[in-house]
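In our numbering, the protein residues as written are 9 to 127.
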Amino acid sequence: MPFITSAASLRRLPLFFAYCPDKAGMLSKRMEVRPTHLARWSEEKDKGYGEFGSGYKPLNPSSSGGLEIDGSLMIFRAETVEKAWEKIKTDVYWTEGIWDQDKVVVREFLENPVFNDQA
9 MPFITSAASL RRLPLFFAYC PDKAGMLSKR MEVRPTHLAR WSEEKDKGYG
59 EFGSGYKPLN PSSSGGLEID GSLMIFRAET VEKAWEKIKT DVYWTEGIWD
109 QDKVVVREFL ENPVFNDQA
């Protein structure tokens, strides 16, 4: 595949989502390495690959009222599903064992002409 440099070219790349639940009890460790995670995905966004990303709340939050994060959801562009997995497996949340690696899901979206600005 040729080297892609323009934002318009990146918009033609496949769009993926990654659902990355955390292992139980990882909030403290997550917060410790969060600046590294955010810096990396900020770079991905600046390069035109990152579309959206956020931590998500647990289904049944505790009554403590404190911060609770149950995992991450990201939408991003990559050349192939293998490249999409590579982005996930090189993330600090993966390498530090925060995400439950057996439960991480990476999938490619179908093309949707309603939202495809190339149509």
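For each residue, glycine too, the CB sits at the ideal point set by N, CA and C.
- Val100 and Met82 have their alpha carbons spaced roughly 14 angstroms apart.
- The beta carbons of Arg85 and Leu18 sit closer together than 8 angstroms.
- Note that the C-beta distance between Leu23 and Phe117 is below 8 angstroms.
- Boundaries cannot be given for Pro69, as no alpha helix (DSSP H) includes it and DSSP labels it neither H nor E.
- Residue environment: Met34 is assigned as buried (16 or more neighbouring CB atoms within 10 Å of its CB, all protein chains considered).
- Taking a 10 Å sphere around the C-beta of Ala26, we find 16 or more other C-beta atoms and assign the residue as buried.
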